[in-house]
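Structure first, commentary second.
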Amino acid sequence: MTLELLIVPCLADNYAYLLHDAGSGTTAVVDVPEAAPVQQLLTERGWRLDTILITHHHNDHIAGVPTLASATGAAVIGAAADAHRLPPLTQAVHPGQVIEVAGHRTEILDAAGHTLGHIAFHMPLAGLLFSGDSLMSWGCGRLFEGSPAQMLATLTRMAALPDDTLVCSGHEYTEANGRFALSLEPEAPALRARMAEVQALRAEGRPTVPARLDLEQATNPFLRGTDPALKHALGLPPEASALDTFTEARARKDRF
Numbered sequence: 132m133t134l135e136l137l138i139v140p141c142l143a144d145n146y147a148y149l150l151h152d153a154g155s156g157t158t159a160v161v162d163v164p165e166a167a168p169v170q171q172l173l174t175e176r177g178w179r180l181d182t183i184l185i186t187h188h189h190n191d192h193i194a195g196v197p198t199l200a201s202a203t204g205a206a207v208i209g210a211a212a213d214a215h216r217l218p219p220l221t222q223a224v225h226p227g228q229v230i231e232v233a234g235h236r237t238e239i240l241d242a243a244g245h246t247l248g249h250i251a252f253h254m255p256l257a258g259l260l261f262s263g264d265s266l267m268s269w270g271c272g273r274l275f276e277g278s279p280a281q282m283l284a285t286l287t288r289m290a291a292l293p294d295d296t297l298v299c300s301g302h303e304y305t306e307a308n309g310r311f312a313l314s315l316e317p318e319a320p321a322l323r324a325r326m327a328e329v330q331a332l333r334a335e336g337r338p339t340v341p342a343r344l345d346l347e348q349a350t351n352p353f354l355r356g357t358d359p360a361l362k363h364a365l366g367l368p369p370e371a372s373a374l375d376t377f378t379e380a381r382a383r384k385d386r387f
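My numbering puts the first residue of the sequence shown at 132, with every later residue one more than the last.
Structure, rendered in C-alpha cells:
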C-alpha cells in the first residue's frame, strides 16, 4: 500500500485528512476547516495538492477550501445536490459514483442525516472511510436536516463495510460520545475498556481517530439498534425496531 494518511487538527476540534500516494505522487485532502494547517503540512512534506474532497456544506468543513484551492489549483469535488451551498466545484458527484482519488478507487456514499446532501468517501482497497459528520467515532452526527430513518440508513450502509475499515470522522468527539454511551450502560466491559484507551490517547494529546469499524459495531450505540442489551438500557421492549432504538438513543444524546 502506497497511500499515506495524515490527520490534520483544525480549529478547536475538527480534523482534515491528507492522503498522499507515493506511487503516483498525487495528494488529496478531505474537508478543509481552515487552510493554514493543511498548507503547512503540504510544505513540510513537499507535496503538491491535487484534489479537495468535501463531505458536506457546514462552514467548519469548508471554510478553508477557497483559500487552499486558489493557492494550489487543486480540483474541488463535492455533492451535486449541495453544489449551491459549497465552494465552486470542479466536479459534482452523486452517491453511487466511483472516482479516483490519490491513485485509489473511491466510492461516493450517500451519508444523509446530519445534512441532506452529506456524502462520504470510501476507499475499499485502502480500507478507509471518510465519513464527515455522519458515522463518528463512538457516535453519529446531530440531525440538523435529515430524519432518523435517513441517518439510520446511512449508518447501516457504513456498518456493512469490512470490519477492518478505518472510520475517519470529522471531529475529536470520541470521549464526549463515550460518556454518553457509558451513561446508558455504565458497567459494559467493552465500553469501559474503550473509554480507558480513549482517555489515555487524549492524555498524550493524540487523536482518537480513525477508529476501526468493528470497534464501532461493538460499542457505538447508534450501530446497535438490534442489540437487546441496548434496548433494555433505553427502556424499550425487546420487539422495538432498529429505527425505534436509534431514534430514542439520538433523542437522549441531544439532551445529554
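Even glycine gets a Cβ: it sits at the ideal position worked out from N, Cα and C.
Everything numeric in this text was worked out from a predicted model, so none of it was measured.
Residue 190 (DSSP reduced to helix, strand or coil): helix
Limits of the unbroken alpha helix (DSSP H) element including residue 235: It is not in any alpha helix (DSSP H) - residue 235 instead sits in the beta strand (DSSP E) that spans 235–241.
Cβ shell of residue 168 (< 6 Å), same chain only, five flanking positions each side left out: Only 139 and 141 meet the Cβ criterion.
Residue 370 in three-state terms, based on DSSP: coil
Own chain, CB closer than 8 Å to residue 214, minus 5 neighbours either side, in chain order: 220 and 223
Of the residues 203, 156 and 271, the one placed nearest residue 383, counting alpha carbons only: The residue with the shortest Cα to Cα distance from residue 383 is 271.
Three-way DSSP call (helix, strand, coil) for residue 206 in this model: strand
8 Å Cβ cutoff met for residue 158 and residue 251: no
Element boundaries [beta strand (DSSP E), containing residue 300]: 297–300
Member of 269, 371 and 149 whose CA lies at the smallest distance from the CA of residue 345: Per the Cα distances, 269.
8 Å Cβ cutoff met for residue 273 and residue 255: no
Local Cβ density within 10 Å of residue 207, reported as buried at 16 or more and exposed below that: buried
Pairwise C-alpha distance: residue 316 and residue 387: About 14 Å.
Contact between the region 282–293 and the region 323–338 (3+ Cβ pairs under 8 Å): No: fewer than three Cβ pairs fall under 8 Å.
Backbone secondary structure at residue 294 - three-state DSSP: coil
Paired residues, beta bridge with residue 270 - DSSP: 267
Residue 279 versus residue 248: straight-line alpha-carbon distance, rounded: 15 Å
Simplified DSSP assignment, three categories, for residue 152: strand
Best match in 165, 228 and 146 for proximity to residue 301 [C-alpha to C-alpha]: 146
Where residue 262 falls, given that 16 or more other Cβ within 10 Å makes a residue buried: buried
Three-way DSSP call (helix, strand, coil) for residue 365 in this model: Coil at residue 365, not helix or strand.
Exposure label - residue 275; buried when at least 16 CB within 10 Å: Classification of residue 275: exposed, given that the 10 Å Cβ count is below 16.
The beta strand (DSSP E) enclosing residue 140, as first and last residue numbers: 134–141
Residue 245 in three-state terms, based on DSSP: coil
6 Å CB neighbourhood of residue 228 in its chain, flanking five on each side removed: 239
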